[in-house]
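What follows is one structure encoded as structure tokens, with my remarks underneath.
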Amino acid sequence: MFPNSANSQDETRDSRHCERGEAIQRDWLGSGLPRCARDDAPFPFRFPRWLRFRGAGKDSAPIDAIAAAITCNLRGLGLHARAKKYRDGFCEIVASTSPKMITLPHNAEASGLALLLAQKYDPPTLVFEEINSLKPGLGRAMIAAAVSGLGARPGLFQRIRVNDLSRRLHDGRRWWEHVAGAYPAFEWVVTHDEDFQTHKPPAAETDEFARKRAKLQQLAGEFGYDPAKVTLSPQKRVCDYLGQSFTAEGEAFCDGRIEIYYDPAMSDARMGCCLAHEIQHARYFVVREAYIAEAEGGPLHRRFAKFTSELLAARRGVSDYSNEHWDAWRGAASPALFSMELEEGGSEPINETIAEVAKALYNWGPEVRIDPVWKELREAVDEECERLAGGG
222 MFPNSANSQD ETRDSRHCER GEAIQRDWLG SGLPRCARDD APFPFRFPRW
272 LRFRGAGKDS APIDAIAAAI TCNLRGLGLH ARAKKYRDGF CEIVASTSPK
322 MITLPHNAEA SGLALLLAQK YDPPTLVFEE INSLKPGLGR AMIAAAVSGL
372 GARPGLFQRI RVNDLSRRLH DGRRWWEHVA GAYPAFEWVV THDEDFQTHK
422 PPAAETDEFA RKRAKLQQLA GEFGYDPAKV TLSPQKRVCD YLGQSFTAEG
472 EAFCDGRIEI YYDPAMSDAR MGCCLAHEIQ HARYFVVREA YIAEAEGGPL
522 HRRFAKFTSE LLAARRGVSD YSNEHWDAWR GAASPALFSM ELEEGGSEPI
572 NETIAEVAKA LYNWGPEVRI DPVWKELREA VDEECERLAG GG
């Protein structure tokens, strides 16, 4: 992803998921999404029987019994947890590893969960508001704690709602989509409203939008990339990443699609830099998929064996943005080439550094001074992507 300037944190609560330590199989986030430290426990997470709440009597108000059960389950995970009723039929539950009850996505201090039991909704709905996990598997465990607690009054809450702004995984799906699939007994309403304050997109058919769209198609062709896979989107893409809120300029997907987000102030040169960055991500994804599928000792493994974790970590990034990814790395060991970095360490130092090399080469030309190791690695990725595309 290629970010625009950082914005202040959006105070509106949503269920953005911090991928820093969470892994729901690269199929969860999956996918790779970020395969933060990998947790291969099967999904759904089965809540331990000894942690299931048994204390609510049959005469308790239904929402009180469920709130007590969920709170008990969350405390069983070692979390600080509290429930607060706002009026009849509504109860908010907050849990965190910190006594300060921190639940904000991408916060580096604590893991946490915030949810709302809305019995007065039609139908009664469990709303996941925020979730943040710094420990592999904890995100899933918190969800399991909440869903298990609904069993205190079976059948009362059959709908679960979440606004999912987590990053797409390698399979194109988001983390919460994988979660929803693990609990098919409930009706899931998963939205992707990127900004609760609702920014209206610019008119998609203004002369300037049409001109920029034509220019983008031209640039894609000049890069040797299929213009049909590149889209100029009128939407504003706001996301939380590396602990900050960004307005993204572009995004590459594992299926080869690239979206550049329209900004009237974006010059053609800046659009070209953004496209170079995203195309490099797309090429990296192609080679990564083939590398992962290949047996040890195969041609790709031999070609890239010299680019060890130690070698790349010693050189770090080639730009401020790529160095932010190196600074944000939280993995147990240095990132490895073609690994699911985001899932394993909460950032993508290698992937983003290679993309920044491509951007620099486009912006400054082939004579730009770049660490030769990173330049060689980028060239190797491009050559292998071309070979794979040709069926080699």
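Adding 221 to a residue's 1-based position in the sequence shown gives its number in the numbering used here.
Glycine residues also receive a C-beta, built at the ideal position from the N, C-alpha and C atoms.
Item	Value
The beta strand (DSSP E) spanning isoleucine 481 covers which residue range?	479-482
Over the uninterrupted alpha helix (DSSP H) stretch that includes serine 369, give me the two end residues.	359-370
Report the residue from Gly297, Phe559, Ala490 and Ala431 whose alpha carbon sits nearest the alpha carbon of glutamate 515.	Phe559
Check whether the stretch 572-586 touches the stretch 597-607, counting contact only when three or more Cβ pairs, one atom from each stretch, lie closer than 8 Å.	yes
Could you tell me the alpha carbon to alpha carbon distance between histidine 546 and glycine 370, rounded to whole angstroms?	37 Å
Output needed for alanine 339: all residues of its chain with C-beta closer than 8 Å, excluding positions within five of it in sequence on either side, in chain order.	Gly310, Phe311, Pro345, Thr346, Leu347 and Val348
Under three-state DSSP, which class holds glutamate 588?	coil
If you reduce the DSSP assignment to three classes, tell me which class glycine 333 lands in.	strand
Would you decide whether asparagine 341 is buried or exposed? Buried here means 16 or more other CB atoms lie within 10 Å of its CB.	Note on identity: in this sequence residue 341 is lysine, with asparagine being the wrong assignment. Exposed: under 16 other Cβ atoms inside 10 Å.
Curious, which full-length alpha helix (DSSP H) runs of at least 4 residues does the stretch 536-600 contain?	541-549, 562-566 and 570-585
Taking the C-alpha atoms as reference points, what is the distance between aspartate 603 and glycine 376?	54 Å
Could you check what DSSP says for lysine 305 in three-state terms: helix, strand or coil?	strand
With distance defined between alpha-carbon atoms, name the residue in His301, Asp343 and Arg388 nearest to serine 568.	Arg388
Assign serine 354 to buried or exposed, taking buried as 16 or more other Cβ atoms, counted over all protein chains shown, within 10 Å of its Cβ.	buried
Kindly list the residues whose CB is nearer than 8 Å to the CB of glutamate 398, restricted to its own chain and excluding five residues on each side of it in sequence; keep chain order.	Asp385 and Val411
Is the separation between the beta-carbon of serine 332 and that of lysine 356 shorter than 8 Å?	yes
Is it the case that the stretch 519-536 contacts the stretch 471-479, given that we only count it when at least three CB pairs across the two stretches are under 8 Å?	no
State the Cα-Cα distance for the pair valine 400 and leucine 300, rounded to the nearest angstrom.	21 Å
Can you tell me whether arginine 374 is helix, strand or coil according to DSSP?	coil
Quick check on this structure: which residue in Asp548, Tyr512, Pro520 and Pro556 has the alpha carbon closest to the alpha carbon of leucine 532?	Pro556
Just to confirm before moving on: does the CB-CB distance between proline 433 and tyrosine 482 stay below 8 Å?	According to the sequence shown, residue 433 is lysine rather than proline. For lysine 433 and tyrosine 482, no; Cβs fall outside 8 Å.
Flag this pair as yes or no: are the beta carbons of isoleucine 591 and valine 539 separated by less than 8 Å?	yes
Starting from the Cα of leucine 390, find the closest Cα among Thr574, Glu562 and Gly586 and give me that residue.	Glu562
Who does tryptophan 396 pair with in a DSSP beta bridge?	The partner list for tryptophan 396 (beta bridge, DSSP) is empty, contrary to what the question assumes.
State the CB to CB distance for the pair leucine 521 and phenylalanine 444, rounded to an integer number of angstroms; the pair is presumed to be in contact (CB under 8 Å).	At roughly 23 Å, the Cβ-Cβ gap does not stay under 8 Å, so leucine 521 and phenylalanine 444 are not in contact.
Taking only three categories from DSSP, how would you classify glycine 471?	strand
Between which two residues does the beta strand (DSSP E) harbouring threonine 452 extend?	451-454
So, using beta-carbon positions, are leucine 325 and alanine 367 closer together than 8 Å?	no
Determine the DSSP secondary structure at leucine 389, reduced to helix, strand or coil.	For clarity, residue 389 is arginine in the given sequence; the question names leucine instead. Looking at arginine 389 - three-state DSSP - the assignment turns out to be coil, as it is neither helix nor strand.
Round the Cβ separation of phenylalanine 378 and isoleucine 287 to the nearest angstrom and send it over; I've been treating them as touching at under 8 Å.	7 Å
Looking at C-alpha atoms only, which residue of Thr574, Gly518 and Arg504 is the closest neighbour of arginine 537?	Thr574
So arginine 524 and glutamate 605 are in contact, right, with Cβ under 8 Å, and what is the actual spacing, rounded?	7 Å
Could you tell me the distance, in whole angstroms, from the CA atom of alanine 469 to the CA atom of lysine 450?	18 Å
Take glycine 372 as the anchor and find which of Val315, Ile284 and Met487 has the nearest alpha-carbon.	Ile284
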